[in-house]
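*Asks:* Shown below is the structure under consideration.
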């Protein structure tokens, strides 16, 4: 049986090939759709890979404070704000008040001798983080007196980039979708992230508010800084692709005027065998 051009219900074409007026229903309203029988397209087979632009501000999350373990003095601060630290990273050295007094009465040349002589009695105390994270805040400086329980650092276990998509989206990204971003003021600072949440913007259809969790914490991830990049939306291999303008939307559904092969036929009915690769464009 020869191929035929099949019009889905509510669509048709004039016998002379000229555009045919067709009515469609949309929430109770009658609309007219023109089908151009002379404007034929062909379904393209190819791969689709979609990304959307995103921009947001880095926010410190899952915070904890590191307190002073005893009364004493800060001798040296190793960490800087926004440093990436690990469990074995030394944040600072501090000593007791007694050790600080002894150091103050000793010349620089004899400090090493003093440390060797009193090793095991008066040692520098090293302060470490609980685990990997970013130094969100530093509250002390060298030679500052501190008291037990006083806050020394705030560490962020996570960094979340909170922002918006910057391009109109027709397909919704899935949670845990990957994103690649860079610091707006220093393109050498690049991070990877995963989509943890998204909410449609009420005043901008097709745009979303997004929460992206940074997966590779590193130095120079500036909390409060703007990061820009792209979020993965989806990929399909060997997809059947047509222009979006080939679709007709009505009754909350999408339709196409698609070529089909037909079989048995009567005056009122006809058998559909399979779709073809050609379609007619709405005018």
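Numbering (this note's numbering), first residue to last: 1071 to 1353. In this text, a Cβ means the ideal position worked out from N, Cα and C, and glycines have one as well.
Tell me which residue opens and which closes the alpha helix (DSSP H) that residue 1173 is part of.
*Replies:* That run of the alpha helix (DSSP H) goes 1167–1174.
*Asks:* Does the segment 1263–1274 touch the segment 1136–1150, meaning 3 or more C-beta pairs lie closer than 8 Å?
*Replies:* Not touching, per the Cβ criterion.
*Asks:* Could you pull out every residue in the same chain whose Cβ sits closer than 7 Å to the Cβ of residue 1359, ignoring the five residues on either side in sequence?
*Replies:* Residue coverage of the chain in this structure runs from 1071 to 1353, which leaves residue 1359 outside it and unanswerable.
*Asks:* Using the Cβ count rule (16 or more neighbours within 10 Å means buried), how would you classify residue 1199?
*Replies:* The residue in question, residue 1199, is buried, as its Cβ has 16 or more Cβ neighbours within 10 Å.
*Asks:* Suppose the cutoff is 8 Å on Cβ atoms and the five residues either side in sequence are ignored; what does the same chain contact list for residue 1343 look like?
*Replies:* Taken in chain order, the residues that qualify are 1071, 1330, 1331, 1332, 1333.
*Asks:* Using alpha carbons as the reference points, say which of 1155, 1202, 1221 lies closest to residue 1135.
*Replies:* That would be 1221, whose Cα lies nearest to the Cα of residue 1135.
*Asks:* Going by DSSP, which residues form a beta bridge with residue 1223?
*Replies:* Its beta-bridge partners are 1136, 1208.
*Asks:* So the candidates are 1175, 1123, 1202, 1171; which of them puts its Cα closest to the Cα of residue 1356?
*Replies:* Shown here, the chain extends from 1071 to 1353; a query on residue 1356 therefore has no answer.
*Asks:* Going by the CB atoms, is the gap between residue 1195 and residue 1165 shorter than 9 Å?
*Replies:* Taking 9 Å as the Cβ cut-off, residue 1165 and residue 1195 qualify as a contacting pair.
*Asks:* Is the Cβ-Cβ distance between residue 1285 and residue 1123 less than 9 Å?
*Replies:* Against a cut-off of 9 Å, the Cβ pair of residue 1123 and residue 1285 comes out as no contact.
*Asks:* How many angstroms separate the CA atom of residue 1273 from the CA atom of residue 1223?
*Replies:* If I take the Cα positions, the gap works out to 40 Å.
*Asks:* Tell me where the beta strand (DSSP E) around residue 1349 begins and ends.
*Replies:* Run containing residue 1349: 1340–1352, per the beta strand (DSSP E) assignment.
*Asks:* Roughly how many angstroms separate the alpha carbons of residue 1168 and residue 1174, rounded to a whole number?
*Replies:* Whole-angstrom Cα-Cα distance: 10 Å.
*Asks:* Just how far apart, CA to CA, sit residue 1248 and residue 1119?
*Replies:* If you take the alpha carbons of residue 1248 and residue 1119, they lie about 13 Å apart.
*Asks:* Taking residue 1256 as part of the beta strand (DSSP E), name the residues at either end of that continuous run.
*Replies:* Run containing residue 1256: 1256–1270, per the beta strand (DSSP E) assignment.
*Asks:* Are the CB atoms of residue 1253 and residue 1304 within a distance shorter than 9 Å?
*Replies:* For residue 1304 and residue 1253, no; Cβs fall outside 9 Å.
*Asks:* Run the CB neighbour count on residue 1292, radius 10 Å, all protein chains shown included, and call it buried at 16 or more, exposed below.
*Replies:* So residue 1292 counts as buried.
*Asks:* So residue 1204 and residue 1152 are supposed to be a Cβ contact under 8 Å. How far apart are they, rounded?
*Replies:* Yes, residue 1204 and residue 1152 are in contact; Cβ-Cβ is about 6 Å, under 8 Å.
*Asks:* Under a three-way DSSP split, which group does residue 1315 fall into?
*Replies:* Three-state result, residue 1315: helix.
*Asks:* If distances are taken between C-alpha atoms only, which option among 1170, 1350, 1346 comes closest to residue 1314?
*Replies:* Out of 1170, 1350, 1346, 1350 has the C-alpha closest to the C-alpha of residue 1314.
*Asks:* Just to confirm the assignment, what range does the beta strand (DSSP E) spanning residue 1323 have?
*Replies:* Looking at the DSSP string, the run of the beta strand (DSSP E) that includes residue 1323 is 1323–1325.
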